Amino acid sequence: MTIMLIGNKSDLDPRRQVSTEEGERFARENGLIFMETSAKTAYNVEESFLQTSTVIYQNIDRGVYDLSSDKSGIRVGNESTTITGSGNTPGGRLDSSKKKESGGSCC
């Protein structure tokens, strides 16, 4: 599993409750990726997704995940899932039996 610890609202430094060093230390001790972000200024928001996906890709490349098992949570190929229900319907569910009809593929 790849987990990133995000220290958010880095633009509000004077109101900080956790230091960068404390966040980095916690992440290091627990095997997490650490990054500080700010949604307000967009600082490191995209980079946090890129860094996490890079680590996942590297793990796939090194064979860390068993891609033949559904337990890895990773699907290889062009099959995609759709969400049934709507935003207004409670309990919208993923339905893996339905395939996208647009012919596109997803990651």
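Numbering of the sequence shown is given in the working numbering, commencing with residue 1 and proceeding in unit increments.
We put the CB at the ideal spot given by N, CA and C, even for glycine.
Predicted model only: the values in this text are computed from it and were never measured.
How many angstroms separate the CA atom of residue i from the CA atom of residue j?
i: SER69; j: PRO14; result: 47 Å
i: ARG62; j: GLN51; result: 17 Å
i: ALA39; j: GLU47; result: 12 Å
i: VAL64; j: LYS71; result: 13 Å
Any idea which residues DSSP pairs residue i with across the strands?
i: TYR43; result: SER38
Would residue i and residue j qualify as a contact pair, given that the criterion is a beta-carbon distance under 8 Å?
i: THR20; j: ASN59; result: no
i: PHE34; j: LEU67; result: no
i: GLY7; j: VAL18; result: yes
Can you name, in chain order, every residue of its own chain whose Cβ lies under 6 Å from the Cβ of residue i, other than the five neighbours on each side?
i: GLU29; result: none
i: ASP11; result: SER38, LYS40 and THR41
i: ILE56; result: THR2
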